[in-house]
Amino acid sequence: MMKGQNKVTRVMARTLLIVSALALQGCNMVLLNPAGDVARQQSDLLVASTWLMLLIVVPVIVLTLWFAWRYRESNSAAKYTPDWDHSTLIELYVWAAPLLIIIALGAMTWINTHTLDPYRALDRVGPGRPVPEGVEPLRVQAVALEWKWLFIYPDYGVATVNELAAPIDRPIRFQTTSPKMMNSLFIPTLAGMVYAMPGMETLVHAVINVPGEYHGVSGNYSGAGYSDMRFGFHGLSEAEFEAWLNQIRSAPQSLDTPTYLRLSEASRKDPVQYFSSVEAGLYHRILNLCTSPDRMCMDDMMANRSHRHEAPVKASPDLPTSTH
68 MMKGQNKVTR VMARTLLIVS ALALQGCNMV LLNPAGDVAR QQSDLLVAST
118 WLMLLIVVPV IVLTLWFAWR YRESNSAAKY TPDWDHSTLI ELYVWAAPLL
168 IIIALGAMTW INTHTLDPYR ALDRVGPGRP VPEGVEPLRV QAVALEWKWL
218 FIYPDYGVAT VNELAAPIDR PIRFQTTSPK MMNSLFIPTL AGMVYAMPGM
268 ETLVHAVINV PGEYHGVSGN YSGAGYSDMR FGFHGLSEAE FEAWLNQIRS
318 APQSLDTPTY LRLSEASRKD PVQYFSSVEA GLYHRILNLC TSPDRMCMDD
368 MMANRSHRHE APVKASPDLP TSTH
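If you want it as C-alpha cells, here you go:
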C-alpha cells in the first residue's frame, strides 16, 4: 500500500513540474529581459547582486545538508569532539567571505545609484552609443488620475489617456505628478518605478531601444480601481511615431480645463482617448493643484508668502527710534 502511494506521489510531482514548465514558456520575464537601456542596466545590477549573494547562500545550503548527513546518528565513523570550540580557519572563512561580498555589493550599489539616478539626464542610448548631438529628449508629462493615466506631450501639444508611445533610441524625460492621491508610474521595460505625488513633480529618464508593444502599470495601491490602471506603451520608429502623432492631431476633442475636470473624476477601465490640443498651462495648474477656478496655485501662494516674509519691517511712528 505504501509503495503504491509513493508511486502516485512521484507521478503527481512530475506532472506538476511539467505543467509548471509549460506554463512558464509563455511568460515574458521583462524585468530580466527589458527593451530599454536603463532597465537593462538595472537588470544587470540585479543579476550581478544575485550571483554575489549566491556565493554565500549556495555553500551554506550545501554545507548544512552535508553536516546533517555526515554527523547523522547512524554514522559511527564521524569524529566526535564535544570539547571543540574554535577554528581560526573557519572563523576566517565565516567573516572574510561575507565581508568581501558586502563591500562588492556596496560598491556596485553606490556606483549604480548615481549612474542610474532617475533625475539624471541620459548620456547614452545603449552600450557604447552616446546620445547623438543635438537630440533633445522627448518630454512626457504623466498625470496619475483615478484610475487612469493622462499623458501630455508638451512639445507636440497633444495628450492621451491610457496610451503612450516613443521613438526608439531617443531619450525620454517623464515629469510625473498626481492631483489627489499618491501613485507611481512603472513601465518595466523602460526603467524603475517613480512616485507621483500631489503638489510635487518627480522625474525619470529612460529610453526604448527595441520596437514593440509593451505595457505600464500603477505600482502603488490607490483604491478600488488600482488594478485597472494599466496602459499600452509603443516603441516606434521615427516615421511610425510621427504617424501616431498625426492620428492624435486628427482627434475631435481638445483637453481644456472643463474636460480635464471631468476626466479627473474617479472611473474604472477607461478606454484609450486622444486629445488633439492641450490648453496652455494646464499641466502647470495640475501640478500646483489649481485647476478649479476658486483655488490659488501653490507656487503663487508660496511666492506671496515668501514676499511677505522678505518685506522690510517699518518702524511705528509712535515708537521712539534708537539713538545708538
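Mapping of the sequence shown onto my numbering: residues 68 to 391, in sequence order.
Here a beta-carbon is modelled for each residue, glycine too, at the ideal position from N, C-alpha and C.
CA-CA distance, C357 to Y220, rounds to 20 Å. Contact between Q340 and T227 is confirmed by a C-beta separation of about 7 Å, below the 8 Å threshold. Taking N179 as the centre and dropping the five residues before and after it, the same chain places the C-beta of L112 closer than 6 Å to its C-beta, in chain order. Between D104 and G193, the gap from beta carbon to beta carbon is short of 7 Å. One Cα belongs to R107, the other to L303, and the distance between them is close to 19 Å. Y288 carries a coil assignment under DSSP once its states are collapsed to helix, strand and coil. For H282, the closest of A263, E307, P255, Y293 by C-alpha to C-alpha distance is P255.
Runs of the beta strand (DSSP E) lying entirely within the segment 194 to 259 and spanning at least 3 residues, in chain order: 205 to 212, 215 to 220, 225 to 228, 230 to 234, 239 to 244, 250 to 253.
In the three-state reduction of the DSSP assignment, E332 falls in the coil class. With fewer than three CB-CB distances shorter than 8 Å, the segment 311 to 320 does not count as touching the segment 236 to 250. Annotation for L189: no beta strand (DSSP E) segment contains it, and DSSP assigns it neither H nor E. Around the Cβ of V261, a 10 Å sphere holds 16 or more other Cβ atoms; the residue is buried.
Per DSSP, reduced to three states, the secondary structure at T148 is coil, with no helix or strand assignment. Below 8 Å, enough C-beta pairs join the segment 341 to 349 and the segment 318 to 330 to call them touching: three or more.
In this chain, Q340 is not harboured by any alpha helix (DSSP H); it is covered by the beta strand (DSSP E) spanning 340 to 342. Distance from the Cα of I168 is smallest, within the candidate group L122, D152, E140, V202, for L122. Distance check between P338 and each of W214, W136, R191, P149 places W214 closest, using alpha-carbon atoms only. Annotation for E268: Q242, T243, T244, L354 place their beta carbon closer than 8 Å to its own, counting only its chain and skipping 5 residues before and after. Distance check between V161 and each of S331, N287, L130, A291 places L130 closest, using alpha-carbon atoms only. In the structure shown, G266 falls within a coil segment according to DSSP collapsed to helix, strand and coil. The beta carbon of E230 lies closer than 7 Å to those of F298, G299, V339 in the same chain, with the five residues before and after it left out.
F308 and P234 have their C-alpha atoms roughly 6 Å apart. DSSP places H181 within a helical segment (H, G or I) once states are collapsed to three.
DSSP, read as helix, strand or coil, puts E280 in strand.
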